[in-house]
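Residue numbers (the numbering used here), protein chains in the order written: chain A, 7 to 230; chain B, 173 to 512; chain C, 44 to 601. Only one structure is covered here, and it is reproduced in the block below.
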Amino acid sequence: MPDETMPDNTSGRYPGYDVLAKRNGPSWNDKTRAVIDRRLAIDPEDHRIFDDAAWRTLKAVCDRIVPQPPKRAAPIPVAALLDRRLQEDRRDGHRDVRLPPIAEAWRRGLAALDAECRRAHDRPFHDLGPDQQDALLRAMQEGRLDDPAWEGMPSRLFFASRLLPDILEAYYSHPTAWNEIGFGGPASPRGYVRMGFDRRDPWEASEAKPGREDVAWEENRRVR
Amino acid sequence: MDDMTRGAASVPARLDQRPTRPARGAAWAVAGLAALSAGAALALRRRARPQRRLEGPPPVTLRVAKDLNRSAALLGLAALADSAVEHYRGSFHNPAMVTPLAVSTAVIGVSLFGTLDDRPRAHAVRDAAYGGAILTGAVGTGFHLFNVTKRPGGLSWLNLFYGAPIGAPSAVALAGLLGFFAERVRHTRPGEAPAKAPKVLGVPAADALAALVSLGILGTVAETALLHFRGAFHDPAMYLPMVVPPVGAALLAGTVLSGNGRPAMASTRAARWGLRATAALGFVGVGFHAFGVHRNMGGWRNWSQNILNGPPLPAPPSYTALALAGLATLSLEEDRRHAR
Amino acid sequence: MSGDRMFDDPMPDDPMEVPRATNGRAPDVFREGGWVPMREHSENEAVDFAIVGTGAGGGTLACKLAEAGFSVVAFDAGPYWRPLEDFASDETEQRKLFWTEDRLCDGDDPLKLGDNNSGRSVGGSTVHYAMVSLRFRPEWFQSRSKLGYGADWPIDWREMWRYYQEVERTLQISGPLSYPWGPKRPRYPRRPHELNAAALVLAKGAEALGIDWAPTPIATLSSPHGKAPPCVYRGFCTSGCSTNAKQSVLNTWLPRALAAGAEIRDLAMVGRIETDRAGLVTGVHYHRDGQWRFQRARNVVVAGYAIETPRLLLNSATDRFPDGLANSSGLVGSNLMVQLNQAVWGSMAEEVRSYKAPPSLALTEHWNYADDGKDFFGGYCYMSQGPLPIVWARTLAGSRGLWGEALMRQMERYNHQVGLKMVGECLPQERNRVTLADETDRYGLPVARVTYSYCDNDKRMMRHALGFMGQALEAAGATDLWEERDDTCHLNGTARMGSDPATSVVDADCRSWDIPNLWICDGSVFPTVGGVNPSLTIQAIACRTADRIQALAGRGAL
Ligand SMILES: Cc1cc2nc3c(=O)[nH]c(=O)nc-3n(C[C@H](O)[C@H](O)[C@H](O)COP(=O)(O)OP(=O)(O)OC[C@H]3O[C@@H](n4cnc5c(N)ncnc54)[C@H](O)[C@@H]3O)c2cc1C
Ligand code: SF4
Numbered sequence: 007m008p009d010e011t012m013p014d015n016t017s018g019r020y021p022g023y024d025v026l027a028k029r030n031g032p033s034w035n036d037k038t039r040a041v042i043d044r045r046l047a048i049d050p051e052d053h054r055i056f057d058d059a060a061w062r063t064l065k066a067v068c069d070r071i072v073p074q075p076p077k078r079a080a081p082i083p084v085a086a087l088l089d090r091r092l093q094e095d096r097r098d099g100h101r102d103v104r105l106p107p108i109a110e111a112w113r114r115g116l117a118a119l120d121a122e123c124r125r126a127h128d129r130p131f132h133d134l135g136p137d138q139q140d141a142l143l144r145a146m147q148e149g150r151l152d153d154p155a156w157e158g159m160p161s162r163l164f165f166a167s168r169l170l171p172d173i174l175e176a177y178y179s180h181p182t183a184w185n186e187i188g189f190g191g192p193a194s195p196r197g198y199v200r201m202g203f204d205r206r207d208p209w210e211a212s213e214a215k216p217g218r219e220d221v222a223w224e225e226n227r228r229v230r
Numbered sequence: 173m174d175d176m177t178r179g180a181a182s183v184p185a186r187l188d189q190r191p192t193r194p195a196r197g198a199a200w201a202v203a204g205l206a207a208l209s210a211g212a213a214l215a216l217r218r219r220a221r222p223q224r225r226l227e228g229p230p231p232v233t234l235r236v237a238k239d240l241n242r243s244a245a246l247l248g249l250a251a252l253a254d255s256a257v258e259h260y261r262g263s264f265h266n267p268a269m270v271t272p273l274a275v276s277t278a279v280i281g282v283s284l285f286g287t288l289d290d291r292p293r294a295h296a297v298r299d300a301a302y303g304g305a306i307l308t309g310a311v312g313t314g315f316h317l318f319n320v321t322k323r324p325g326g327l328s329w330l331n332l333f334y335g336a337p338i339g340a341p342s343a344v345a346l347a348g349l350l351g352f353f354a355e356r357v358r359h360t361r362p363g364e365a366p367a368k369a370p371k372v373l374g375v376p377a378a379d380a381l382a383a384l385v386s387l388g389i390l391g392t393v394a395e396t397a398l399l400h401f402r403g404a405f406h407d408p409a410m411y412l413p414m415v416v417p418p419v420g421a422a423l424l425a426g427t428v429l430s431g432n433g434r435p436a437m438a439s440t441r442a443a444r445w446g447l448r449a450t451a452a453l454g455f456v457g458v459g460f461h462a463f464g465v466h467r468n469m470g471g472w473r474n475w476s477q478n479i480l481n482g483p484p485l486p487a488p489p490s491y492t493a494l495a496l497a498g499l500a501t502l503s504l505e506e507d508r509r510h511a512r
Numbered sequence: 044m045s046g047d048r049m050f051d052d053p054m055p056d057d058p059m060e061v062p063r064a065t066n067g068r069a070p071d072v073f074r075e076g077g078w079v080p081m082r083e084h085s086e087n088e089a090v091d092f093a094i095v096g097t098g099a100g101g102g103t104l105a106c107k108l109a110e111a112g113f114s115v116v117a118f119d120a121g122p123y124w125r126p127l128e129d130f131a132s133d134e135t136e137q138r139k140l141f142w143t144e145d146r147l148c149d150g151d152d153p154l155k156l157g158d159n160n161s162g163r164s165v166g167g168s169t170v171h172y173a174m175v176s177l178r179f180r181p182e183w184f185q186s187r188s189k190l191g192y193g194a195d196w197p198i199d200w201r202e203m204w205r206y207y208q209e210v211e212r213t214l215q216i217s218g219p220l221s222y223p224w225g226p227k228r229p230r231y232p233r234r235p236h237e238l239n240a241a242a243l244v245l246a247k248g249a250e251a252l253g254i255d256w257a258p259t260p261i262a263t264l265s266s267p268h269g270k271a272p273p274c275v276y277r278g279f280c281t282s283g284c285s286t287n288a289k290q291s292v293l294n295t296w297l298p299r300a301l302a303a304g305a306e307i308r309d310l311a312m313v314g315r316i317e318t319d320r321a322g323l324v325t326g327v328h329y330h331r332d333g334q335w336r337f338q339r340a341r342n343v344v345v346a347g348y349a350i351e352t353p354r355l356l357l358n359s360a361t362d363r364f365p366d367g368l369a370n371s372s373g374l375v376g377s378n379l380m381v382q383l384n385q386a387v388w389g390s391m392a393e394e395v396r397s398y399k400a401p402p403s404l405a406l407t408e409h410w411n412y413a414d415d416g417k418d419f420f421g422g423y424c425y426m427s428q429g430p431l432p433i434v435w436a437r438t439l440a441g442s443r444g445l446w447g448e449a450l451m452r453q454m455e456r457y458n459h460q461v462g463l464k465m466v467g468e469c470l471p472q473e474r475n476r477v478t479l480a481d482e483t484d485r486y487g488l489p490v491a492r493v494t495y496s497y498c499d500n501d502k503r504m505m506r507h508a509l510g511f512m513g514q515a516l517e518a519a520g521a522t523d524l525w526e527e528r529d530d531t532c533h534l535n536g537t538a539r540m541g542s543d544p545a546t547s548v549v550d551a552d553c554r555s556w557d558i559p560n561l562w563i564c565d566g567s568v569f570p571t572v573g574g575v576n577p578s579l580t581i582q583a584i585a586c587r588t589a590d591r592i593q594a595l596a597g598r599g600a601l
């Protein structure tokens, strides 16, 4: 399946780079293939922890925190990755006492966000325009939200310790995000050879320097 | 982010681009190796050729010269492969990095030509190539020294380990020198009989060669020592090149350079065996290094990394090349002794 | 937890579900699907030593005690991995190495263990540590009398120097040929690694500011050793090393321990240490294969790391020891010390690609050894860094509050970013402590509550380090600098050693003052942490403890 995926980053900083092109080469071991295959097989609409209302809010939040190019053929299913994490109850090993356990924090935080929205705009979060959504998220980041629906959980802490890190973890666990930033991706048994400044192995992403985009494109197509 | 939405349609048109530098480097290496194997095939056919001369066996000098050509070819081959791999690793970031590839390919070519050439004359093309190799080696050493000293830490162990290898360019120079000697040993002025004790720059060729080969071996040992030290001598076999080639070099120097006295047969025989062992070590070493590549993570399946990061496959044959030159030197020496 | 396993067919050999070290064999960490023989001990017969935790402290001690001829059973709550087959090159999946069960954090500066979380694996946190292997500065063993802060260790540095060497040999440390700081030390067993660009930035910055730097002494092979290949510079070290180049407790001390007759029980969570009426420990209650079991033992060693160790001691309270075991001083759990892990980040015009190679290939210990011009006690070193994408994104978000387009634009510069990160000495404070929370874990055991607040000295050190690292980064050519101010790493203290039962929990031999057959041997026993990563010192202490136990046994004083 991964072999058929067309890289959607035909331009940008690493044009044509697709970390999945290395899937069958020496940079990936069996365990990695199994893990990433499972991740890529996640249905973007699959949600078992979040109810439909929370799901819509969550998806809208993700779109603002990690906006994706509108033309991206297969957007990273950030919300579904997060739902999957909660299904498996993968915790952090540390938790600020002011926060409830991860699933409860998310449930409460999303419900509170919706409540704030309805109070301020009389509409659910996912119905707002991007600017209004951003303004609310910024208010949360700055700890200015205090609807009773938060049930004592500080909105700023929820934003800084749950919402932001959890969404980023989901997004950057996906190969498409690695393509975007030119990360080498999985690397075992084969690691890397060239370590100095401005050195890349032929199996690494090539950065498009101004005027040399074609070179980068071509080098990236040869990454295996 | 914005331009990520630009259409993909225009992009595939760019596919027909020139190969990039590393690719060009690899192409060079491949071309060189191809030329070389063709040459080697020719060389093997050599014996099948009918003797052109009617007046009996060729003089010793010609035989020795051809032997030296052969060892120059082998050393050139080692230098070619080594610089190809190392400079590929360095992504040919400086265009000058193709020079040793071109020059050592030329050395291989003219050396093979030398092994096929029965005329007792130096040849301008060969001399030019050998001279070029000597020059390249000298300049390359300068480049490498500069590379090492400009890194943070300057002339430190770390930079000696991982900076441009100081000793590597001398392999090209050595190949050139061996070739240069081959030409001098071979050369007879028109009308003169081949010299019984040829001279190079006024020094008896046997003496000069013995010194060159011994020093060459010792220099190579020094480089091996540095790299095996970097590898913490993790395998006892890594001490072999610390022992065998120096013994071979010492025996050679002892036999040939031991003043005017007549060296005993025994010493010549010992030197011959020492050099044969050194030559064999070159082959065995490749085997060890191949095993080393296998022992790294992913083994040969991960060749694209391990050829570069594992023990260098082309390095050990330098010993074979130098030992062959040493054996040729011994022939010259014996000839000189018979003349006395 | 790993991947989406719960939706697949159950795997026949899932090390997270079914214990592997059973039936007289344990996994061979060097071969996929391989096994090595393991001696097993009966639960009813008291073994000489039951060790809780198989990390830097417990694993090392298990090996040394077994080699000394004692019968040893070592327990670990975590799985027994075979790195070659179990480790993916993936940040998310490899969180399976962490202790992910909640601990509650409070105080003025609640800890965010994040990716510096401790481990839950056979081999402990060393399975995902960054392998930096540094010795203490000699004066730190007497920081109270020599430098005027903290507390003295009851051990002389010269003795430690010997044990450091033993550990360095075992781990085949790669290090520089001469180390710029401190008393002369023997040559490291392996040569230094080539520096990556991130490390070269550190070197350039140090040279520009006129201070020494060095290739980091590091526990990953620079040449093959035994069955382990050298490092391939894949950079996933803190997600576990799938090549075995990393020299962790899992692939160094433990194979030796097994060969010497120790038994290791994986997926075995110790919930309580049993004591008898005489006030001696008699064994441990542990949970394995779905049930609580009991192992009798003549001695118990706790080596669960600085949070789980006090938690277990506190959870083992009895009528006779109402405040928990070994706690007559009231100090079990207190004096928790993290290390400062602040960083300065910037951007280079060149590509750096710091995801390649182990993250910290160069360091400077200058401010550990220079005492002039400091307005704080203690020292710090700083190192080059190589964060993988998730860690990096969370760092940007956490320190700069970036999200949306602003974050995406920064993330695009991933391959150009570069940073210097400190490991700084926090002072011991009694108010920083591990206690028990009301919440319980899946076994019904109260979880730890971790309270942390920096003191003024900590904050002054932070300011100094951030300022200096900023200068260094700038001097190396980085631009757009910014500071990461809230990261911490490594956990120590909570059961400090000392020479007075009133002010310490264990003596110099890691034996608890209160219960002569209860020992504590891990990072918890540190009276001070110094400005270097702790695992080499933890292992050196464990080696020393084994020697001391042998000596004590020899004269019938066990
Ligand atoms: C990301 C990271 C990077 C690090 N990098 C470095 C570095 O570069 N250099 C360095 O020196 N140090 C480093 N460290 C720190 C180092 O790993 C630890 O200091 C060291 O491993 C601690 O040793 P320990 O024996 O105290 O505990 P651990 O090694 O953590 O071992 C404790 C073990 O006990 C087990 N355990 C705990 N409680 C129980 C129980 N009740 N029952 C059964 N088992 C239990 C746990 O599962 C765990 O396996 C790093 C740590 C982390 C997290
Ligand atoms: S960089 Fe080296 S030590 Fe780190 S994970 Fe890779 S092979 Fe292991």
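We put the beta carbon where it would ideally sit given N, CA and C, even for glycine.
Note that the region 136 to 146 of chain C does not touch the region 180 to 188 of chain C; fewer than 3 beta-carbon pairs, one per stretch, sit closer than 8 Å.
Residue 562 of chain C sits buried, since 16 or more C-beta atoms from the chains shown fall within 10 Å of its C-beta.
A direct Cα-to-Cα measurement between residue 392 of chain C and residue 201 of chain A gives close to 16 Å. Using a cutoff of 7 Å, the CB of residue 400 of chain C counts as near ligand 2, since one of the ligand's heavy atoms is closer than that.
For residue 78 of chain C, same chain residues with a beta-carbon under 6 Å away, outside a window of 5 residues either side, are 68 and 71 in chain order.
Nearest to residue 520 of chain C by alpha-carbon distance, out of C/592, C/243, C/118 and C/173, is C/243.
Scanning chain A for C-beta atoms nearer than 7 Å to the C-beta of residue 470 of chain B yields 32, 195 and 196, reported in chain order. For residue 476 of chain C, the enclosing beta strand (DSSP E) has its first and last residue at 476 to 483.
Taking 8 Å as the threshold, the shortest C-beta distance from residue 247 of chain C to chain B falls below it.
Around the beta carbon of residue 545 of chain C, a 10 Å sphere encloses fewer than 16 other beta carbons of the protein chains shown; the residue is thus reported as exposed. Shown in chain order are the members of the region 334 to 348 of chain B whose Cβ falls below 7 Å from a Cβ of chain C: 334.
Each residue's CA atom was taken as its position, placing residue 62 of chain C and residue 147 of chain A some 44 Å apart.
Per DSSP, residue 404 of chain C lies in no alpha helix (DSSP H) and is assigned neither H nor E.
The C-beta separation of residue 303 of chain C from residue 482 of chain C comes to about 40 Å, leaving the pair out of contact by the 8 Å criterion. Annotation for residue 285 of chain B indicates a beta carbon at 7 Å or more from all heavy atoms of ligand 1.
When the beta-carbon positions are compared, residue 401 of chain C and residue 287 of chain C stay at least 8 Å from each other. In the DSSP assignment, residue 439 of chain B falls within the unbroken alpha helix (DSSP H) covering 437 to 467. Just measuring C-alpha positions, the residue of A/156, A/69 and A/88 sitting nearest residue 447 of chain C is A/69. Contacts with chain B at 8 Å (Cβ-Cβ) do not include residue 517 of chain C. For residue 473 of chain B, the residues of chain A that pass the 8 Å Cβ criterion are 32 and 195, in the order they occur in the chain. Contact annotation: the region 397 to 414 of chain B touches the region 440 to 460 of chain B, with at least three C-beta pairs closer than 8 Å.
Annotated three-state conformation of residue 129 of chain A is coil, per DSSP. The continuous alpha helix (DSSP H) containing residue 322 of chain B extends over residues 296 to 322. For residue 327 of chain B, no Cβ of chain A is located within less than 8 Å of the residue's own Cβ. Interface flag for residue 480 of chain B against chain A is set, since a Cβ pair is found closer than 8 Å.
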